[in-house]
Amino acid sequence: MGHRKRQPPRPKSAAPFDLRGLSPLNSKYQVGMDKSSIRNVAIIAHIDHGKSTLADRFLEACSAVDPRLMRSQYLDSMDLERERGITIKMQSVRLEYGPWTVNLIDTPGHVDFGYEVSRSLAACEGVILLVDAAQGIEAQTLANSYVAVEADLAIVAALNKIDLPAADPDRVCMEMEQALGIPAADICRISAKTGEGVTELLDAVVERVPPPDGDPEAPLQALVFDSHFDQYRGVISSVRVVQGRLRGGMQARLMQAGTSHEVQELGVRTPRPVKVDSLGAGEVGFLIMGVKNTSEARAGETVTGGDNPAPEPLEGYREPKPMVFCGLYPTDGEEYLDVREALDRLRLNDSSFSYVPEVSAALGFGYRCGFLGLLHMEIIIERLEREFDLDIIATTPSVEYLVTTSSGREIPVDSPSLLPPAGEVRSIAEPFLMVSVIAPAGHTGTLMDLCQSRRGRMTGLEFLSPERIELSYRLPLAEVVTGFYDQLKSRTQGYASLDYDPDGYEVSDLVKVDILLQHEPVDAFSSIVHRDKAYAYGRKMAERLRELIPRQQFDVPIQAAIGGRIIARQTVKAYRKDVTAGLYGGDVTRKRKLLERQKAGKKRMKSIGRVEVPQEAFVAVLKMDST
Numbered sequence: 295m296g297h298r299k300r301q302p303p304r305p306k307s308a309a310p311f312d313l314r315g316l317s318p319l320n321s322k323y324q325v326g327m328d329k330s331s332i333r334n335v336a337i338i339a340h341i342d343h344g345k346s347t348l349a350d351r352f353l354e355a356c357s358a359v360d361p362r363l364m365r366s367q368y369l370d371s372m373d374l375e376r377e378r379g380i381t382i383k384m385q386s387v388r389l390e391y392g393p394w395t396v397n398l399i400d401t402p403g404h405v406d407f408g409y410e411v412s413r414s415l416a417a418c419e420g421v422i423l424l425v426d427a428a429q430g431i432e433a434q435t436l437a438n439s440y441v442a443v444e445a446d447l448a449i450v451a452a453l454n455k456i457d458l459p460a461a462d463p464d465r466v467c468m469e470m471e472q473a474l475g476i477p478a479a480d481i482c483r484i485s486a487k488t489g490e491g492v493t494e495l496l497d498a499v500v501e502r503v504p505p506p507d508g509d510p511e512a513p514l515q516a517l518v519f520d521s522h523f524d525q526y527r528g529v530i531s532s533v534r535v536v537q538g539r540l541r542g543g544m545q546a547r548l549m550q551a552g553t554s555h556e557v558q559e560l561g562v563r564t565p566r567p568v569k570v571d572s573l574g575a576g577e578v579g580f581l582i583m584g585v586k587n588t589s590e591a592r593a594g595e596t597v598t599g600g601d602n603p604a605p606e607p608l609e610g611y612r613e614p615k616p617m618v619f620c621g622l623y624p625t626d627g628e629e630y631l632d633v634r635e636a637l638d639r640l641r642l643n644d645s646s647f648s649y650v651p652e653v654s655a656a657l658g659f660g661y662r663c664g665f666l667g668l669l670h671m672e673i674i675i676e677r678l679e680r681e682f683d684l685d686i687i688a689t690t691p692s693v694e695y696l697v698t699t700s701s702g703r704e705i706p707v708d709s710p711s712l713l714p715p716a717g718e719v720r721s722i723a724e725p726f727l728m729v730s731v732i733a734p735a736g737h738t739g740t741l742m743d744l745c746q747s748r749r750g751r752m753t754g755l756e757f758l759s760p761e762r763i764e765l766s767y768r769l770p771l772a773e774v775v776t777g778f779y780d781q782l783k784s785r786t787q788g789y790a791s792l793d794y795d796p797d798g799y800e801v802s803d804l805v806k807v808d809i810l811l812q813h814e815p816v817d818a819f820s821s822i823v824h825r826d827k828a829y830a831y832g833r834k835m836a837e838r839l840r841e842l843i844p845r846q847q848f849d850v851p852i853q854a855a856i857g858g859r860i861i862a863r864q865t866v867k868a869y870r871k872d873v874t875a876g877l878y879g880g881d882v883t884r885k886r887k888l889l890e891r892q893k894a895g896k897k898r899m900k901s902i903g904r905v906e907v908p909q910e911a912f913v914a915v916l917k918m919d920s921t
C-alpha cells in the first residue's frame with residue numbers, strides 16, 4: 295500500500311460498564327490521556343459509497359459493540375435513516391484501537407447535508423475519503439475533498455467495494471490521482487462489507503493523521519458541534535475540547551449566549567454513553583448542563599470556565615444560507631404552539647434550517663421555513679410528523695428572489711404572497727447555482743438537453759477519464775429544486791451525481807401565477823415562474839385541481855391568472871340533487887316549483903358560498919413536480 299504497516303495489539307474487550315451503562319469501571323476514562331495517542335477523524339464520501347458500513351467494521355475491529363447486539367448501520371440512530379438507507383445526522387463514537395484512541399465521526403453524503411459535514415470537520419485533524427471502486431469519483435467526492443483541503447486536514451484515501459464484480463480499482467485509483475492529486479500507491483483498498491483491508495486502513499489513520507493540538511493548562515475552550523434535546527435532562531451537547539480541561543461539577547459559561555451553568559454530567563460515546571470525570575484538550579465527548587432553553591446551546595457555541603474564562607470565543611460556524619423555502623401549517627389550528635416547540639427542538643439539532651411565523655388566508659397560522667434543499671425539507675417534515683406526532687401541510691417550495699420596486703428599493707421575497715403588485719415591480723432577480731454533474735460519457739447528450747431545458751448555460755465540460763465526464767452549468771435555483779434531481783437520475787439510469795454551489799443573482803423575466811377558485815385567489819397555490827413556462831404551469835395546476843376538488847352544488851371555475859389576465863381555466867361541474875324524488879303524482883307545476891326553488895338556492899349559495907378544498911388536494915398539488 296505504499297506505507298509501513300503497523301499491527302497494534304488488539305484490545306481483549308471493550309471497556310466494562312455497570313448495569314446502568316453510565317459509570318465506567320476503566321480508569322483510563324477517569325484520569326484523561328496523553329493527547330499524542332488521540333486521533334480525531336471523520337469519514338466523508340459521496341452518498342451510498344459505504345461510510346456507515348465502514349463505521350460498522352471499525353466498531354467490530356475495536357470490539358466496541360457486543361457481537362450479539364451488532365446490527366448494520368449501527369451509528370444511524372433514527373428510524374428514518376434506516377428506512378431510507380442514508381445518514382441524515384452525523385454521529386460520533388470513541389474507539390480504543392490498541393494504544394490509540396480514535397474519535398470517529400460518520401457524516402452524511404447527500405448534498406443537502408453538506409453543512410453537517412463542514413461542522414464535523416471542525417472537530418477533526420483528518421478525514422477518511424471513501425470512494426466506490428465501481429462508480430469512481432462522484433460530485434460529492436470532489437466537493438468534500440475540497441472542504442477537507444481548505445480546512446488543512448490530513449486525507450487518508452480509501453477505495454471501497456473492491457469485492458464487487460464491477461469494481462475496477464486500478465482505473466479509479468488513477469482517476470483519484472488525476473483529479474485529487476492523491477498518489478495511487480497511498481490509496482488503501484478495502485471492502486467495508488467483508489472487512490478486507492479495514493485494519494490496514496485503521497493503521498493508516500493512526501500513522502498519517504496528526505494528534506490534536508491544544509494547551510491543557512490554558513483557559514478552557516470547547517466547541518459545541520452538535521446538540522439535541524432530551525425531555526428529562528435538557529440539552530445534550532457534543533463537544534470537542536480545543537484547549538484546557540472540562541471537568542464535572544465545574545461552573546461553565548456559554549460565551550455567545552452569555553449564560554452560566556454547572557456541568558452536571560460529562561461522557562463519551564463508545565458508542566454506548568460512558569460517564570467520565572473530565573475531558574482534556576483534543577478529546578471529544580458529550581456535555582449536560584441542565585440547559586432547558588434550546589437557543590442557548592446551538593452548534594458553534596463556545597464553552598469556557600466560569601472562574602477562568604477564555605479571552606474570546608472560538609470561531610464557530612458560518613451560518614448556512616437557506617436555499618429553498620416553504621410554509622408549514624398544522625392541519626389543526628390548535629397545534630400551532632406545538633409546531634413552534636417542535637421547530638425549536640429540531641433547530642437545536644439541525645441549525646441549517648430557519649423559520650419565522652406567517653399567516654395564510656387559506657391555511658391559517660403557520661411558519662415560513664428555509665431549508666438547504668428539497669430532501670432536507672422532506673426530512674424535516676417527516677421528523678415533525680414522526681417524532682412530535684404532528685399533522686403538517688407544506689406549501690409549494692420556492693426560492694428567495696430580490697425584487698426591485700419602482701421606487702428603487704430592493705426587497706427579498708421568499709413567498710409569492712409577499713410579492714408587491716405587478717405595477718410596483720421594476721425587476722425580479724433570481725438566485726443561480728454553479729452545478730457540477732459527473733456521469734458516464736454516453737449520457738452527455740441527454741444531460742445537456744436536461745440542463746438547457748432548465749434555462750441552464752454551460753460553463754465547462756471535462757473528461758475525468760475516457761468513460762466519465764464532468765459537466766458544469768449555471769442554472770437558476772428555482773429550476774433545480776423542482777424535479778431536476780429526479781430527472782437527472784432517470785435519464786442516466788441512476789449513474790449521474792450532482793453537486794452545486796450558490797452563484798449570485800441575475801435579473802430574469804419572472805411573473806406571479808395566481809390560482810383562483812370561484813374567482814378568489816388561493817395564496818397557497820400561487821407561484822413565481824418564468825414567463826415562458828407560466829402558461830404550462832397554470833394549465834397543469836388547473837387540470838390537477840379539477841381532478842381533486844369535490845363537486846359542489848354549483849359550478850366551480852378554476853383559473854390561472856397573471857395579474858388580471860386569465861391564462862388557463864377548468865371547471866368543476868355541479869352535481870344535481872334530485873329534489874323531486876319525493877313527488878308522487880299531482881300537477882307538473884309542483885315539480886317546476888321545486889326546481890325553480892332549487893335554482894334560486896344554488897344562485898344564492900354561489901354568491902355567498904366558499905369552495906371547500908380538502909386537505910388531500912393541498913397535499914397532492916403541492917407535491918406536484920414539474921418535469
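Heads up, the sequence shown is in this note's numbering, so the first residue is 295 and it goes up one at a time. For each residue, glycine too, the CB sits at the ideal point set by N, CA and C.
CA-to-CA distance, residue j to residue i, given in whole angstroms
i    : j    : result
A546 : A516 : 10 Å
S692 : Y623 : 16 Å
V816 : P710 : 11 Å
L560 : N438 : 31 Å
D793 : Q434 : 6 Å
M384 : I530 : 15 Å
S700 : S821 : 21 Å
L932 : Q787 : There is no way to answer for residue 932, as the model of the chain reaches only from 295 to 921.
G403 : Y789 : 16 Å
H340 : A818 : 36 Å
M432 : P851 : First, the amino acid is wrong: residue 432 is Glu here, not Met. If I take the Cα positions, the gap works out to 49 Å.
Y695 : L389 : 47 Å
A575 : V562 : 14 Å
Y261 : V650 : Absent from the model: residue 261. The displayed extent of the chain is 295 to 921, so no value can be given.
G552 : P603 : 12 Å
E628 : S654 : 15 Å
D464 : A416 : 32 Å
K615 : Y409 : 10 Å
Y799 : V697 : 11 Å
M549 : P607 : 6 Å
F519 : L581 : 11 Å
I337 : L666 : 21 Å
Element boundaries [alpha helix (DSSP H), containing residue i]
i    : result
T435 : A433 to E444
L577 : Checking the displayed sequence, the identity of residue 577 turns out to be Glu instead of Leu. Note, E577: premise wrong, no alpha helix (DSSP H); not H, not E.
E501 : V492 to R502
Y409 : G408 to L415
Q472 : P463 to L474
R547 : Taken as a continuous stretch (DSSP letters only), R547 belongs to no alpha helix (DSSP H), being part of the beta strand (DSSP E) at Q545 to L548.
R840 : R825 to L842
Proximity to residue i [Cα-Cα], best of the options
i    : options                   : result
R838 : I822, D826, V823 and L811 : L811
E471 : D507, T488, L514 and V425 : V425
V597 : G538, V562, R634 and D638 : G538
E718 : V466, V499 and V805       : V805
G579 : N587, V585, V570 and K586 : V570
D644 : T588, I687 and G658       : T588
M617 : E629, M671, Y611 and G599 : M671
D849 : A688, I380, N454 and V866 : V866
Which residues DSSP lists as bridging residue i, in chain order
i    : result
M752 : Y767
G600 : According to DSSP, G600 bridges with nothing at all.
M728 : R768 and D795
V396 : R333 and L389
P734 : R762
D976 : Any question about residue 976 goes unanswered here, given that the chain covers just 295 to 921.
D808 : A855
F922 : The structure shown does not extend to residue 922, since the chain is modelled only from 295 to 921, so the question has no answer here.
Residue range of the unbroken beta strand (DSSP E) whose run includes residue i
i    : result
D795 : S791 to S802
S521 : Q515 to D524
>> With a threshold of 8 Å, are at least 3 pairs of Cβ atoms found where one atom belongs to the region 771 to 783 and the other to the region 748 to 759?
In response: yes
>> Counting beta carbon pairs with one atom in the region 330 to 339 and one in the region 476 to 491, are three or more of them shorter than 8 Å?
In response: no
>> Within 8 Å, do at least three Cβ pairs link the region 750 to 765 to the region 701 to 720?
In response: Verdict: no, contact absent.
> For the region 831 to 845 against the region 855 to 870, are there 3 or more C-beta pairs whose distance is under 8 Å?
Replying inline: Contact annotation: the region 831 to 845 touches the region 855 to 870, with at least three C-beta pairs closer than 8 Å.
> Is the region 585 to 597 touching the region 496 to 503 in the sense that three or more CB pairs, one from each, lie closer than 8 Å?
Replying inline: no
> Are three or more beta carbon pairs between the region 333 to 346 and the region 486 to 500 nearer than 8 Å?
Replying inline: The region 333 to 346 vs the region 486 to 500: in contact.
> Given 8 Å as the limit, is there contact between the region 724 to 733 and the region 677 to 685, that is, 3 or more CB pairs closer than that?
Replying inline: no
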